[in-house]
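Structure, rendered in structure tokens:
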């Protein structure tokens, strides 16, 4: 039976995942990783636009979510810290804000429902 988050926090401390940017840096990604096929000819450099990775390298973002869950996190947040029109305008990607936000939620959700979460008290 699925438990409500409010019930769980009444009983114990709930652990949130950690920093996404620092974990992404560990991968040593190159410009090509940020571009993927969809943005291969984009007119400006995209390296550093970590939010874009949910579209171009969702495998990396999923691995990071999984690492936090394996370390004991109960909740993972989306990789969408700067997924807004203002921040994405730095890369000319302001029209991609919705797609990035949606993809970030999908990657996080897929990671939390892939079947290897140990605790039955985890909220998904």
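Numbering (the numbering used here), first residue to last: 13 to 136.
Backbone N, C-alpha and C fix where the C-beta goes; we use that ideal spot for every residue, glycine too.
Just so you know, these numbers come straight off a predicted model, no measurement behind them.
Extract the residue ranges of the alpha helix (DSSP H) inside the segment 43 to 79, only unbroken runs of 4 or more that lie entirely within it. For the segment 43 to 79, whole alpha helix (DSSP H) runs of length 4 or above, ordered along the chain, are 43 to 47, 65 to 68.
Leaving out the 5 sequence neighbours to the left and right, which residues in its chain are closer than 7 angstroms to residue 96 when beta-carbon positions are compared? Taking the chain shown and counting its residues from 1, the one referred to as residue 96 is at position 84. If we look at residue 96 and ignore the five residues flanking it on each side, its Cβ neighbours are 109.
Can you tell me where the alpha helix (DSSP H) holding residue 26 begins and where it ends? Counting from one through the chain shown, the residue named residue 26 turns up at place 14. Note, residue 26: premise wrong, no alpha helix (DSSP H); not H, not E.
Pairwise C-alpha distance: residue 87 and residue 17: Position 5 of the chain shown, counted from the start, is the residue given in the question as residue 17. Position 75 of the chain shown, counted from the start, is the residue given in the question as residue 87. If I take the Cα positions, the gap works out to 10 angstroms.
Shorter than 8 angstroms from the beta carbon of residue 110 to some beta carbon of chain D? Although the question refers to chain D, the structure presented lacks it and comprises just one protein chain.
Looking only at its own chain, which residues have a Cβ that is under 7 angstroms from the Cβ of residue 26, when we skip the five neighbours before and after it? Position 14 of the chain shown, counting from 1, holds the residue named residue 26. Excluding residues up to 5 positions away in sequence, 20, 86, 87 lie with their Cβ nearer than 7 angstroms to the Cβ of residue 26 in the same chain.
Anyone know if the C-beta pair for residue 112 and residue 72 falls short of 8 angstroms? Start at 1 with the first residue of the chain shown, and residue 112 comes out as number 100. Start at 1 with the first residue of the chain shown, and residue 72 comes out as number 60. No; because the gap between Cβ atoms is not below 8 angstroms, this pair is not in contact.
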